[in-house]
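Undergrad: For the sequence shown, the residue numbers in this note's numbering are 71 to 504.
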Amino acid sequence: MNALKDQTSTVRVRFAPSPTGNLHIGGARTALFNWMYAKVQNGQFILRIEDTDLERSKQEYLEEIMFSMDWLGLKWDELYKQSDRFDIYREHAQKLLKEEKAYKDGEAIVLKMPQMPLKFTDLIRGDISFDSSEIKDQVLMKSDGSPTYSFACVVDDALMNMSCVIRGEDHISNTPKQLAIYYSLGFRPPKFAHLPLIMGEEGGRLSKRHGAVAVSEYRKMGFLPEAIVNYLMLLGWSPGNNQEIIPMASAIKNFSIRKINKTAAMFSMEKLEWINAQYIKQKDTPSLIKLIVPFLEAQGVGPQKMENGKLEQIVNLYKGRLSTLSDFMNWTDFIFADQFQLPADLKEKFFSKDLSKEFSLLKERLSQLPQFETATTEQAFRDLVAELGIKASDLVHPVRVALTGKEVGPGLFDTMSILGKETTIKRLSEAVQK
Ligand code: GLU
71 MNALKDQTST
81 VRVRFAPSPT
91 GNLHIGGART
101 ALFNWMYAKV
111 QNGQFILRIE
121 DTDLERSKQE
131 YLEEIMFSMD
141 WLGLKWDELY
151 KQSDRFDIYR
161 EHAQKLLKEE
171 KAYKDGEAIV
181 LKMPQMPLKF
191 TDLIRGDISF
201 DSSEIKDQVL
211 MKSDGSPTYS
221 FACVVDDALM
231 NMSCVIRGED
241 HISNTPKQLA
251 IYYSLGFRPP
261 KFAHLPLIMG
271 EEGGRLSKRH
281 GAVAVSEYRK
291 MGFLPEAIVN
301 YLMLLGWSPG
311 NNQEIIPMAS
321 AIKNFSIRKI
331 NKTAAMFSME
341 KLEWINAQYI
351 KQKDTPSLIK
361 LIVPFLEAQG
371 VGPQKMENGK
381 LEQIVNLYKG
391 RLSTLSDFMN
401 WTDFIFADQF
411 QLPADLKEKF
421 FSKDLSKEFS
431 LLKERLSQLP
441 QFETATTEQA
451 FRDLVAELGI
461 KASDLVHPVR
471 VALTGKEVGP
481 GLFDTMSILG
491 KETTIKRLSE
501 AVQK
């Protein structure tokens, strides 16, 4: 029980979420920085569920937080739940009562604020001091028998031998109250490191106002855990060489609390998407297919209907263009759907000139091909435009729009080969009719 005696030099850090909501981006960054610090120091990473608010804490949030941490790869070495530890908090409050360092106020137990300098050296922000005369007596145990956040936090951080508390900057103001509790209990405080705020793109602290904040929402949008972790690392820390794609192994080698910025970090969706795109490109095709299939199924597309190798061909063609996994469907819907609507603006842009002669001839040439592949379709197309004496681009763009309903996409002949002869011919006919 005496943390002073038990304290070892081993690094022990914790992430201490309250299960009153899903794991959000800010919480995930706190978890990640603690986890990286534990890895780099060969220490222990503890997950402590701060569920002392029995009303607002929910099992579903607890499960979601653990699921999301697991998904991000932030494995913990030990797990505690504060709701299992009420006896311990009560015992410590009783001790303070006995020593007359606390008093009763009705059923509540309140700490007499010790008059002493309450200062600490934050590993990120330097020396911070508070005037204890300005801090009121602190409730330790509420009248319903539950501990307050600061009391449970201090008792646990001490008994669990935390060497350093790494948490959001919004907790700086709690630190003097917690120092007073440490000293009253006779515990030595840990080191503290308060991480800079994360701001939303329109200013202000990152919140729902700015769009998705829950890690699970990003998962559903088709972000990869490696990309989210890589992006979160950059929110307040950088390895110092402008490197942006940082494999975990090298991040762990370079991570140090002292390199964390004091200034607020800005969340940028665009940057996150760019990083995600890099990780998607790095994936080998079979792994990428495994990740994409659930997104296809959610759209009612059963890839089991697809012939062997077809999905592989499609994924290879598009993987360089995806920002997220769910993007895949936006690019390739025309492959999976029998029909699609040609957007009015594209119709206007590409079909105001009559191309029925060119389309009919192209259809004829393509239907005569014994082998319908990228190279053969391209040859047929090039021969035709040469004969007609037109520029290839005059026909490439309208044909792409007719086949895909889109103005941009990968190579036209790759696209034809994926659609196959029958669908390609059918769409060219439909375009002529329209
Ligand atoms: N449960 C607190 C929170 O979620 C933990 C703060 C701390 O790390 O001390 O903000």
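Heads up, the beta-carbon is just placed ideally off N, CA and C, and yes, glycines get one too.
Determine which residues share a DSSP beta bridge with His94 and list them.
TA: Reading the sequence shown from its first residue, position 24 is the one you call residue 94. DSSP, once it has assigned bridges, lists Ala284 as partnering His94.
Undergrad: Quick one, are the C-beta atoms of Ser220 and Ile251 less than 8 Å apart?
TA: By 1-based counting over the sequence shown, the position of residue 220 is 150. By 1-based counting over the sequence shown, the position of residue 251 is 181. Remark: C-beta atoms of Ser220 and Ile251 approach each other more closely than 8 Å.
Undergrad: To which residues of the same chain is Gly91 closer than 7 Å at the C-beta, ignoring the five residues directly before and after it?
TA: Against the sequence shown, residue 91 aligns to sequence position 21. Correct list, in chain order: Tyr131.
Undergrad: Suppose only complete runs of 4+ residues qualify. What are the alpha helix (DSSP H) ranges in the region 233-306, listed by chain order?
TA: 245-255, 285-291, 295-303
Undergrad: Would you kindly work out how many angstroms separate the C-alpha atoms of Trp141 and Ala414, rounded to a whole number?
TA: The residue you call residue 141 lines up with position 71 of the sequence shown. The residue you call residue 414 lines up with position 344 of the sequence shown. A direct Cα-to-Cα measurement between Trp141 and Ala414 gives close to 42 Å.
Undergrad: Does the ligand GLU have a heavy atom nearer than 7 Å to the CB of Tyr349?
TA: To locate residue 349, count along the sequence shown from 1; it is residue 279. Relative to the ligand GLU, even the nearest heavy atom lies 7 Å or more away from the CB of Tyr349.
Undergrad: In its own chain, which residues sit with a C-beta less than 7 Å from the C-beta of Pro468, not counting the 5 before and 5 after it?
TA: Reading the sequence shown from its first residue, position 398 is the one you call residue 468. Once the five neighbours on either side are set aside, the close Cβ partners of Pro468 are Phe420, Phe421, Leu425.
Undergrad: Can you list, in chain order, the residues of its chain whose CB lies under 8 Å from that of Gly238, leaving out five sequence neighbours each side?
TA: Against the sequence shown, residue 238 aligns to sequence position 168. Residues of the same chain with a CB within less than 8 Å of the CB of Gly238, apart from the 5 flanking positions on each side, are Gly96, Thr100, His264, Leu265, Leu267 in chain order.
Undergrad: In angstroms, rounded to a whole number, what distance separates the CA positions of Ile209 and Lys171?
TA: By one-based count along the sequence shown, residue 209 stands at place 139. By one-based count along the sequence shown, residue 171 stands at place 101. In the sequence on display, residue 209 carries Val and not Ile. Their Cα atoms are separated by approximately 12 Å.
Undergrad: Is the Cβ-Cβ distance between Glu134 and Ser286 less than 8 Å?
TA: Taking the first residue of the sequence shown as position 1, residue 134 is located at position 64. Taking the first residue of the sequence shown as position 1, residue 286 is located at position 216. Cβ distance < 8 Å, so Glu134 and Ser286 count as in contact.
Undergrad: From this set, Ser213, Tyr173, Met230, which residue's C-alpha is nearest Asp207's C-alpha?
TA: Reading the sequence shown from its first residue, position 137 is the one you call residue 207. Of the candidates Ser213, Tyr173, Met230, the one whose C-alpha sits nearest the C-alpha of Asp207 is Tyr173.
Undergrad: Compute the Euclidean distance between the alpha carbons of Ile315 and Leu302, then round it to the nearest angstrom.
TA: As a position in the sequence shown, residue 315 is number 245, starting the count at 1. As a position in the sequence shown, residue 302 is number 232, starting the count at 1. If I take the Cα positions, the gap works out to 11 Å.
Undergrad: Quick check on Ile405: does DSSP put it in helix, strand or coil?
TA: For the purposes of this step, residue 405 is taken as the residue at position 335 of the sequence shown. Helix at Ile405.
Undergrad: Which residue from Leu255, Arg391, Glu492, Pro217 puts its Cα closest to that of Asp408?
TA: For the purposes of this step, residue 408 is identified with residue 338 of the sequence shown, where counting begins at 1. If we check each option's Cα against that of Asp408, Glu492 comes out closest.
Undergrad: At a cut of 8 Å, does the region 333-353 reach the region 290-310 through at least three beta carbon pairs?
TA: yes
Undergrad: In its own chain, which residues sit with a C-beta less than 7 Å from the C-beta of Asn72, not counting the 5 before and 5 after it?
TA: As a first step, residue 72 must be located in the sequence shown, where it is residue number 2. Confidence is the limiting factor: at Asn72 the pLDDT is only 43, short of 50, which leaves the residue's position unreliable and the question unanswerable from this model.
Undergrad: Measuring alpha carbon to alpha carbon, tell me which of Thr446, Leu255, Phe85, Ser326 ends up nearest Met183.
TA: On the sequence shown, position 113 is the one that residue 183 refers to. Of the candidates Thr446, Leu255, Phe85, Ser326, the one whose C-alpha sits nearest the C-alpha of Met183 is Leu255.
Undergrad: In chain order, what are the residue ranges of uninterrupted alpha helix (DSSP H) at least 4 long that sit wholly in the region 348-376?
TA: 355-368
Undergrad: Looking at the unbroken beta strand (DSSP E) that takes in Thr446, where does it start and where does it end?
TA: What you label residue 446 is simply residue 376 of the sequence shown in a count that begins at 1. Run containing Thr446: none in the beta strand (DSSP E); it sits in the alpha helix (DSSP H), 444-458.
Undergrad: Shortest alpha-carbon distance to Lys496 belongs to which of Glu204, Phe190, Leu432, Val385?
TA: The residue you call residue 496 lines up with position 426 of the sequence shown. Nearest C-alpha to Lys496: Leu432.
Undergrad: For the region 108-126 and the region 183-192, state whether three or more C-beta atom pairs, one from each stretch, are separated by less than 8 Å.
TA: no
Undergrad: Whose C-beta lies closer than 8 Å to the C-beta of Lys165 among residues of the same chain, with five residues either side of it excluded?
TA: Translated into the one-based positions of the sequence shown, residue 165 becomes position 95. Excluding positions up to five away in sequence, the list reads Leu255.
Undergrad: At what residues does the alpha helix (DSSP H) containing Ala501 begin and finish?
TA: Numbered from 1 along the sequence shown, position 431 holds the residue referred to as residue 501. Its alpha helix (DSSP H) spans residues 482-503.
Undergrad: Less than 8 Å separating the beta-carbons of Ile236 and Gln383?
TA: Reading the sequence shown from its first residue, position 166 is the one you call residue 236. Reading the sequence shown from its first residue, position 313 is the one you call residue 383. In this structure, Gln383 does not lie closer than 8 Å to Ile236 by Cβ.
Undergrad: Go ahead and label Thr80 buried or exposed: buried means 16 or more other beta carbons lie within 10 angstroms of its beta carbon, across all protein chains shown.
TA: In the sequence shown, the residue the question calls residue 80 occupies position 10. It is exposed - the Cβ of Thr80 has fewer than 16 other Cβ atoms within 10 Å.
Undergrad: The ligand GLU and Ser88: does the residue's C-beta get closer than 7 Å to at least one heavy atom of that ligand?
TA: Here residue 88 refers to the residue found at position 18 of the sequence shown. Yes, since a heavy atom of the ligand GLU falls inside the 7 Å radius drawn around the Cβ of Ser88.
Undergrad: Quick check on this structure: which residue in Asp464, Ile460, Met486 has the alpha carbon closest to the alpha carbon of Leu439?
TA: Position 369 of the sequence shown, counted from the first residue, corresponds to residue 439. Ranking Asp464, Ile460, Met486 by Cα distance to Leu439 puts Met486 first.
Undergrad: In this structure, how does DSSP classify Asn72 when only helix, strand and coil are distinguished?
TA: Within the sequence shown, the letter at position 2 stands for residue 72. In this prediction, Asn72 scores a pLDDT of 43, lower than 50, which makes its location untrustworthy; the coordinate-derived value is nonetheless stated afterwards. Reduced to three states, the DSSP call for Asn72 is coil.
Undergrad: So what does DSSP say about Ser88, is it helix, strand or coil?
TA: As a working note, residue 88 is residue 18 in the sequence shown. Correct three-state label for Ser88: coil.
Undergrad: Heavy atom of the ligand GLU less than 7 Å from the Cβ of Arg237, yes or no?
TA: Sequence index remark: in the sequence shown, residue 237 carries index 167 (1-based). Yes, since a heavy atom of the ligand GLU falls inside the 7 Å radius drawn around the Cβ of Arg237.
Undergrad: Pop quiz: Phe406 and Val371 are said to be a contact at Cβ under 8 Å. What is the actual Cβ separation, rounded to whole angstroms?
TA: Residue numbering aside, residue 406 sits at position 336 when the sequence shown is read from its first letter. Residue numbering aside, residue 371 sits at position 301 when the sequence shown is read from its first letter. Right, the Cβ-Cβ distance comes to about 5 Å (below 8 Å), so this counts as a contact.
Undergrad: Is any heavy atom of the ligand GLU found at a distance shorter than 7 Å from the C-beta of Glu44?
TA: No answer is possible for residue 44: the residues shown for the chain start at 71 and end at 504.
Undergrad: So within the region 114-170, which uninterrupted beta strand (DSSP E) runs reach at least 3 residues, ignoring any that extend past its ends?
TA: 114-119, 148-151
Undergrad: Between the beta-carbon of Phe404 and the beta-carbon of Gly490, is there less than 8 Å?
TA: Mapped onto the sequence shown, residue 404 falls at position 334. Mapped onto the sequence shown, residue 490 falls at position 420. No, the pair does not count as a contact, with Cβ atoms beyond the cut-off.
Undergrad: I need the straight-line Cα distance from Ala335 to Gly306, nearest angstrom please.
TA: Numbered from its first residue, the sequence shown carries residue 335 at position 265. Numbered from its first residue, the sequence shown carries residue 306 at position 236. Each residue's alpha carbon lies about 6 Å from the other.
Undergrad: What is the C-beta distance between Val148 and Gln111, in whole angstroms, given that I count them as a contact (C-beta under 8 Å)?
TA: Numbered from its first residue, the sequence shown carries residue 148 at position 78. Numbered from its first residue, the sequence shown carries residue 111 at position 41. Correcting the residue type first, residue 148 is Glu in the shown sequence and not Val. No, Glu148 and Gln111 are not in contact; Cβ-Cβ is about 16 Å, not under 8 Å.
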